[in-house]
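Residue numbers (UniProt numbering): 1 to 264.
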């Protein structure tokens with residue numbers, strides 16, 4: 001193949017020399033694959049042997065909100081810009097995309113693919129193209145439901161059976177997947193007016209204060225005949241009135257006896 005010198009060229013693979021017209025096979029080889037870019041100078045370039053990755057079937061189904069096929073819609077598949085050419089694709093009676101004249105639905109792709117759907121002309125639908133890009137690592141089915149409010153995409157992945165539901169509100173932008181995630185956030189909140197404050201008093205402080213209050217409540221000023229103390233001195237017995245009375249009587253008797261003795 002000859003091309004002008006000193007230029008960069010994009011290389012793409014189709015599984016048949018005449019685009020995909022005879023691609024009515026499912027053999028694990030991609031119908032379309034982007035081979036990247038190649039610079040060609042003034043000398044011949046040998047691209048060498050290119051090994052294609054394993055491909056998987058990708059079905060594209062177009063429905064109305066009622067579940068009926070949206071006949072008249074035009075579909076296409078693209079791998080990094082390389083398309084299948086919508087003129088070779090059509091919808092069957094169940095709304096699946098098929099290669100014109102093929103006996104199976106969908107095409108085979110590797111790594112990733114972008115599905116494109118253009119609704120039929122009319123006031124009921126937006127005049128634009130809905131697009132959705134998915135990773136392809138196993139058999140994949142894309143179902144797009146198109147109504148007056150936009151397109152809703154559903155992706156079902158082969159043997160693993162996982163399903164992702166996404167909504168495309170635009171007509172030209174790649175759809176962003178919407179995933180529902182349950183997040184449990186633990187927050188402990190005290191409603192206004194119910195907060196309670198607990199004050200902790202050190203044990204030593206409480207003991208000291210209790211001791212001090214006990215001393216103040218039990219300490220009394222006691223005044224005795226021989227002492228102003230609290231009655232804990234050695235002369236405490238002399239503060240007893242009975243002792244003083246008996247002692248006074250004894251002293252008086254001793255004094256009288258002494259006077260009588262001296263008189264004689």
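Note that beta-carbon positions come from the ideal geometry of N, C-alpha and C, so glycine has one too.
With contacts defined by Cβ atoms closer than 8 Å, residue 36 and residue 11 form a contacting pair. Assignment of beta-bridge partners to residue 32 by DSSP yields 14. Of the candidates 29, 28, 15, 43, 43 places its Cα closest to the Cα of residue 4.
Residue nearest to residue 85 within the set 91, 76, 53 is 76 (criterion: CA-CA distance). In terms of Cβ geometry, residue 59 and residue 13 do not form a close pair [threshold 8 Å].
In this structure, the CA atom of residue 119 is about 5 Å from the CA atom of residue 73.
Residue 71 and residue 126 have their C-alpha atoms spaced approximately 16 Å apart. A straight line joining the alpha-carbon of residue 152 with that of residue 69 spans about 14 Å.
Within the model, the alpha-carbon separation for residue 6 versus residue 39 is close to 7 Å. Residues of the same chain with a CB within less than 6 Å of the CB of residue 80, apart from the 5 flanking positions on each side, are 34 in chain order.
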